[in-house]
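Note sheet for the following structure.
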Amino acid sequence: MFGDMMGMMNKIKEAQENVEKTKARLKTVLIDEQSSDGLLKVTVSAAREVKSIDIADELLEDKEQLEDYLVLTLNKAIEKASDINEKELGAAAKDGMPDIPGLDNMFK
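Per our numbering, the very first residue in the sequence shown carries number 2; after that it's consecutive.
This is how it looks when you write it as structure tokens:
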């Protein structure tokens, strides 16, 4: 019984290490998104950090339009980043976890 407990603790520690490695890797995965007309381009990491914003000069003339473009384009990019983030972290956590009945439902 004690050996089983130690094995489970080692698996949990391994899962934590896998999650941390995955978090670090997600900072390097980049998602590019642009407005439908290509006037605004953003890059975010899968860790949901904005890495760059490229704005066409013509958007600088209309503050309200630029704000709308930023909101829409950043939201699309962050949504994609969140999807990747959740899938990757969920898989990393699930792979290293001990086989405990019912626990697999937590990572869906």
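For glycine and all other residues, C-beta sits at the position ideal for the given N, C-alpha and C.
Inspect the CB distances between the stretch 29–43 and the stretch 72–88 and report whether three or more fall short of 8 Å.
yes
Report the three-state DSSP secondary structure of Thr29 (helix, strand or coil).
coil
Which same chain residues, not among the five before or five after Lys22, have their C-beta less than 8 Å away from its C-beta?
Ala93
Kindly identify the DSSP beta-bridge partner or partners of Glu34.
Val43
Measuring straight from C-alpha to C-alpha, what distance separates Asn19 and Ser36?
35 Å
Member of Lys12, Asn11, Asp63 and Ile32 whose CA lies at the smallest distance from the CA of Asn86:
Ile32
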